[in-house]
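**Student:** Here you go, one structure.
There are 2 protein chains.
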Amino acid sequence: MAEAKKEVRLVILAKFKEDATPEKIEEAITEYAKLVDVIPAMNKFHWGKDESFRVNLHLHEGYTHIFESSFDSYDGIQEYEDHPEHAVFEQLLLSRTEKLLAFTYEPTIVNLQK
Amino acid sequence: MAEAKKEVRLVILAKFKEDATPEKIEEAITEYAKLVDVIPAMNKFHWGKDESFRVNLHLHEGYTHIFESSFDSYDGIQEYEDHPEHAVFEQLLLSRTEKLLAFTYEPTIVNLQK
Numbered sequence: 001m002a003e004a005k006k007e008v009r010l011v012i013l014a015k016f017k018e019d020a021t022p023e024k025i026e027e028a029i030t031e032y033a034k035l036v037d038v039i040p041a042m043n044k045f046h047w048g049k050d051e052s053f054r055v056n057l058h059l060h061e062g063y064t065h066i067f068e069s070s071f072d073s074y075d076g077i078q079e080y081e082d083h084p085e086h087a088v089f090e091q092l093l094l095s096r097t098e099k100l101l102a103f104t105y106e107p108t109i110v111n112l113q114k
Numbered sequence: 001m002a003e004a005k006k007e008v009r010l011v012i013l014a015k016f017k018e019d020a021t022p023e024k025i026e027e028a029i030t031e032y033a034k035l036v037d038v039i040p041a042m043n044k045f046h047w048g049k050d051e052s053f054r055v056n057l058h059l060h061e062g063y064t065h066i067f068e069s070s071f072d073s074y075d076g077i078q079e080y081e082d083h084p085e086h087a088v089f090e091q092l093l094l095s096r097t098e099k100l101l102a103f104t105y106e107p108t109i110v111n112l113q114k
């Protein structure tokens, strides 16, 4: 099994405020996605909204959205955190969310037989 | 741009109990990973442990581990939830964790210029 290139991921869970309109939420997502193009250390980015109700799971703790980005190293995350465009985005996100959770990890991908 | 095949992801954040030994945690991870081979609807699986301290981010809310699995549909998650092997694993995980968070979503992958 070839060793995979090191990957570090940053998962953000966000609970947008009750009064955040769909347009304000959409704008925050767009601004987050734009960071991929301006911060070299940010390799990949995806996002989604909570759909727990579809599977009758009620353990999402009120978080409404997830954002996951990928870096080559912890230094890459630091570069992202320190980037001036990130600071601008962070203020926007903080102003529109009630709570945030950030989880940093190196994924171990389980090899599948299928 | 070709339309991607539908993908639904289930993210679990777990905080293992203080008295859960590394062996007990390792066993829980192994048992989770085994589900990929026994539950047809489960397409992919990866996990990781919290490394937030490396990037000076302190927003992980005490969660120690993340598990992410991938399905073709919400029905696939239901199949996973209803599988008897999942029920056995769930009891094991619940007995060793202080809290769990589950977030279900359809990822929107942002196309990169790089």
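Protein chains in written order, with the UniProt record's numbering: chain A, 1 to 114; chain B, 1 to 114.
Every residue gets a Cβ at the ideal spot worked out from N, C-alpha and C, and that includes glycine.
1) Distance check for A/E106 and A/N43, CA to CA, integer angstroms please.
2) Measuring alpha carbon to alpha carbon, tell me which residue in B/A102, B/T108, B/T97 is nearest B/A28.
3) So, with DSSP's three-state summary, where would you put A/Y105?
4) According to DSSP, is A/K49 helix, strand or coil?
5) Rounded to the nearest angstrom, what separates B/D37 and A/T64 at their Cα positions?
6) Check whether the Cβ atoms of B/V11 and B/S73 sit closer than 8 Å, and answer yes or no.
7) Just list the residues that DSSP pairs B/H65 with in beta bridges.
8) Strictly by DSSP, which residues pair up with A/T97?
9) Assuming A/L13 and B/T104 are in contact, meaning their beta carbons sit under 8 Å apart, how far apart are those beta carbons, in whole angstroms?
10) Could you check the C-alpha separation between B/S95 and B/H83 for me, to the nearest Å?
11) Could you name the residues that DSSP lists as bridge partners for B/K44?
12) How big is the Cα-Cα spacing for A/A22 and A/K49?
13) At the level of alpha carbons, what is the spacing between B/F67 and B/H46?
14) Ignore the nearest five residues each way along the sequence and tell me which others in B/S52's own chain have a CB closer than 8 Å to its CB.
15) I'd like to know if B/E61 contacts chain A, where contact means its C-beta is closer than 8 Å to some C-beta of that chain.
16) Cβ atoms of B/F71 and B/L35: under 8 Å apart, would you say?
17) State the DSSP-derived secondary structure class of B/V8, mapped to helix, strand or coil.
18) What did DSSP end up calling B/H86 once you bin it into helix, strand or coil?
19) By the 10 Å Cβ neighbour count, where 16 or more other Cβ atoms means buried, how is B/M1 classified, buried or exposed?
**Tutor:** Well, looking at it:
1) 14 Å
2) B/T97
3) strand
4) strand
5) 31 Å
6) no
7) B/A14, B/K49
8) A/F16
9) Not confirmed; about 12 Å, so no contact.
10) 19 Å
11) B/S70
12) It is Pro, not Ala, that sits at residue 22 of chain A in the sequence shown. Approximately 12 Å between the Cα atoms of the pair.
13) 6 Å
14) H58, L59, H60
15) yes
16) no
17) strand
18) helix
19) Confidence in B/M1 is poor, its pLDDT being 49 and thus under 50, which makes the residue's placement too unreliable to answer from.
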